[in-house]
Amino acid sequence: MNAGRQAHAYLMLLPALALLVAFTHYPAVATLVDSFMSTPKPNRPSVFVGLENYASMIDDPIFWQALRNNLWFALATIPLSVGLALAMALWVNGKMMGRGLLRMAYFTPTVLPMIAVANIWLFFYTPSYGLLEQVGGFFGLPSHNWLGDKSTALASITAVAVWKEAGFFMIFYLAALQGISPSLREAAAIEGAGRWFFFRRVLWPLLMPTTIFVLVNAVINAFRMVDHVVVMTRGGPDNATSLLLYHLYEVGFKFWDQGYAAAITVVLLGTLAAVALVQFFVLDKKAHY
Amino acid sequence: MSQAGSQSAAGIVDTVAAWLLAILWILPLLYAVWTAFHPSEYSAKFTLLAPLTLENFERAWQAAPFARYFLNTTLLVTLILCSQLVLCTLAAYAFVRYEFRGKNVLFALVLVQLMIMPDILLVENYKTMSKLGLIDTLFGIGLPYFASAFAIFLLRQTFKSIPKELVEAATMEGASSMQILWRVYVPLAKPVYVAFALVSVSYHWNNFLWPLVVTNSVNSRPLTVGLQVFASTDQGIDWSIITAATLLTAAPLLLAFLLFQRQFVQSFMRAGIK
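So the protein sequences, as listed, match chains P and E.
So the first sequence is residues 319 to 607, counted in this note's numbering.
So the second sequence is residues 35 to 308, counted in this note's numbering.
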């Protein structure tokens with residue numbers, strides 16, 4: 319190891335690392351510091367306030383509502399989008415009629431901007447005018463304001479998220495399925511194993527690493543997707559569809575309360591760190607047999 | 035015999051289910067196409083004889099500076115992609131070809147960004163941008179994404195799989211370290227570069243929240259933010275025009291996807307497996 323070569327290596331790393339530190343590591347640490355500070359005002363600089371921001375977070379009913387919404391959103395989108403993705407991949411990977419078209423239909427939502435498709439879905443859900451209403455009306459169902467009603471708004475935006483994500487996750491399952499030797503299926507057929515048995519005993523264990531990879535991505539996305547909330551509901555009605563990142567956006571850039579916004583960011587960072595730790599220490603060990 | 039019978043029955047059920055799901059998945063897009071290409075009185079009425087029109091696109095194009103938004107997004111996506119390719123190639127090469135102190139720690143630091151994306155740190159990054167005077171500039175929107183942990187990780191994996199013999203042969207011929215990178219590593223990693231480029235372009239073409247926060251004028255607004263401003267303030271509820279604008283925004287990626295479908299799917303696969 320000579321010094322010149324080492325210096326060369328550091329020089330090549332420097333630009334990328336400097337940017338990563340400036341926009342990932344530094345802001346993560348600064349957020350933690352700021353969460354213990356007050357929000358600076360023109361005539362009053364930021365001062366240390368201890369846990370005050372966290373205290374106001376605990377007293378903030380909208381925060382709890384956003385957290386609850388986000389958990390429901392995650393609990394619904396993760397299994398639905400991953401399950402559908404697996405079904406799609408199995409279908410498209412088989413000898414099904416028109417599978418090229420099927421694959422295209424499933425994957426298309428992935429390449430469309432969320433902001434654009436949210437506008438289309440907004441129209442879809444429009445009371446007494448949108449497609450959903452027309453189909454419902456055809457079957458004699460009463461008119462319903464899907465996004466305006468507190469009891470259906472969160473489910474409505476969850477559907478959009480599942481629709482957007484499933485095709486993306488399908489790709490990873492498809493890649494994994496194509497790596498599985500066809501002779502396994504032939505062997506299973508000779509042994510007289512049924513389809514379900516083959517799936518449960520052969521495919522599912524072989525797909526486990528992919529499932530874990532997809533699950534981790536699905537969890538991260540569940541706390542990161544907000545574009546459709548901005549377009550479709552703005553967190554309403556009555557905060558029924560406010561998610562954590564959306565609440566953070568409102569606190570940070572509508573109410574300009576930086577101290578409190580930092581405290582919410584810390585909660586989000588903590589959630590993602592927990593996901594990372596579970597992945598490293600629990601799931602990665604289970605993926606190998 | 036009964037085994038084969040139940041297999042084919044299951045096959046039919048599968049096929050029907052797969053197609054129903056596909057129709058459901060493509061329906062919103064078809065609906066948008068219908069609405070955008072017909073006069074507004076047909077936007078929710080489906081008759082075969084409805085006249086086709088391009089008027090909605092014309093009106094949308096004139097009602098907001100979409101030409102400027104297109105330019106901004108194109109510049110932004112190009113800027114981000116070029117920086118990512120250069121910076122991440124250099125970093126990945128350093129991790130693969132060099133031995134230096136703190137290598138593993140530095141690589142672990144890089145991987146942190148896979149979990150904590152700039153999207154979530156928007157309050158702090160906004161402060162940094164305003165200190166740097168980069169609010170409302172394309173450079174400011176792109177800067178946090180110039181170094182991508184994902185690209186470094188992907189390229190490092192690829193570079194590692196390149197046979198040592200090729201590198202040794204080039205060294206024997208007297209090629210310098212940079213020449214080896216440029217003549218051996220980069221050409222052999224081409225499929226991975228294409229894959230990453232497609233993933234990066236579609237991500238940043240569609241990115242919304244961070245650009246929404248750092249921009250506040252037509253000069254730097256990308257398409258996604260422009261569309262949102264347009265749809266929420268200017269239009270009331272003329273769905274035909276909003277849908278036309280929506281399709282305009284999505285059109286370049288959508289057309290590219292329909293034309294190079296196989297390439298797209300394979301790229302996303304390749305980026306995902308590594």
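Ideal placement from N, C-alpha and C gives every residue a C-beta, glycine not left out.
P333/P belongs to the set of residues whose beta carbon lies under 8 Å from a beta carbon in chain E. Residues of the stretch 268-292 of chain E with a C-beta less than 7 Å from any C-beta of chain P: W273, I276, T277, T280, T283, A284, L287, L288 and F291, listed in chain order. A distance below 8 Å separates the beta carbons of T249/E and I175/E.
In this structure, the straight-line span from the alpha carbon of Q147/E to that of K137/E is close to 17 Å. Assigned with DSSP and collapsed to three states, K194/E falls in helix. For the C-beta of V435/P, the chain E residues within less than 9 Å are, from N- to C-terminus, P62, L63, A66, T280 and A284.
For I60/E against A384/P, the beta-carbon gap comes to about 32 Å, at or over 8 Å, which does not count as contact. At a cut-off of 4 residues, the continuous stretches assigned as alpha helix (DSSP H) that sit fully inside the stretch 422-475 of chain P are 432-443 and 449-456. Taking CB atoms only, Y132/E has a neighbour in chain P less than 8 Å away.
Among the residues of chain P, those whose CB is under 9 Å from the CB of Q147/E are L338, F341, T342 and H343, following chain order.
Annotation: the continuous alpha helix (DSSP H) that includes G322/P extends over A321 to L338.
Residue pairing by DSSP places M355/P opposite F366/P in a beta bridge. In the structure shown, R255/E adopts coil according to DSSP, grouped into three states. Your pair F541/P and L586/P checks out as a contact, with CB atoms roughly 6 Å apart and the cut at 8 Å.
Contact between I475/P and H546/P holds: CB atoms are separated by about 6 Å, below the 8 Å threshold. For V226/E, the nearest beta carbon of chain P is not closer than 8 Å to its own beta carbon. Scanning chain E for C-beta atoms nearer than 8 Å to the C-beta of I438/P yields P62, L63, Y65, A66, T277 and T280, reported in chain order. Looking at the backbone, the Cα of P73/E and that of Y65/E are separated by about 14 Å. Non-local C-beta neighbours of W481/P in its own chain, meaning closer than 7 Å and more than five positions away in sequence, comprise P427, ordered along the chain. About 18 Å separates the CB atoms of L398/P and V410/P; that is not less than 8 Å, and the two are not in contact. In the three-state reduction of the DSSP assignment, I380/P falls in the helix class, which pools H, G and I. In the three-state scheme derived from DSSP, where H, G and I count as helix and E and B as strand, Y132/E is classed as coil. Inclusion of L189/E and A231/E in the CB contact set at 8 Å is not warranted, their separation being larger than that value. Out of F490/P, E504/P, V534/P and A394/P, the CA that lies nearest to the CA of L404/P is found in F490/P. Judged by DSSP secondary structure, T283/E falls within the alpha helix (DSSP H) whose first and last residues are W273 to L293. Per DSSP, the unbroken alpha helix (DSSP H) holding D545/P starts and ends at D545 to M550. Along the length of the stretch 559-586 of chain P, whole beta strand (DSSP E) runs at least 3 residues long do not occur. When the Cα atoms are used, V144/E and A493/P turn out to be separated by approximately 26 Å. In the structure shown, the three-state DSSP call for R304/E is helix.
F515/P is outside the set of residues whose beta carbon lies under 8 Å from a beta carbon in chain E. Cα atoms of G454/P and V429/P: separation of roughly 29 Å, rounded to the nearest angstrom.
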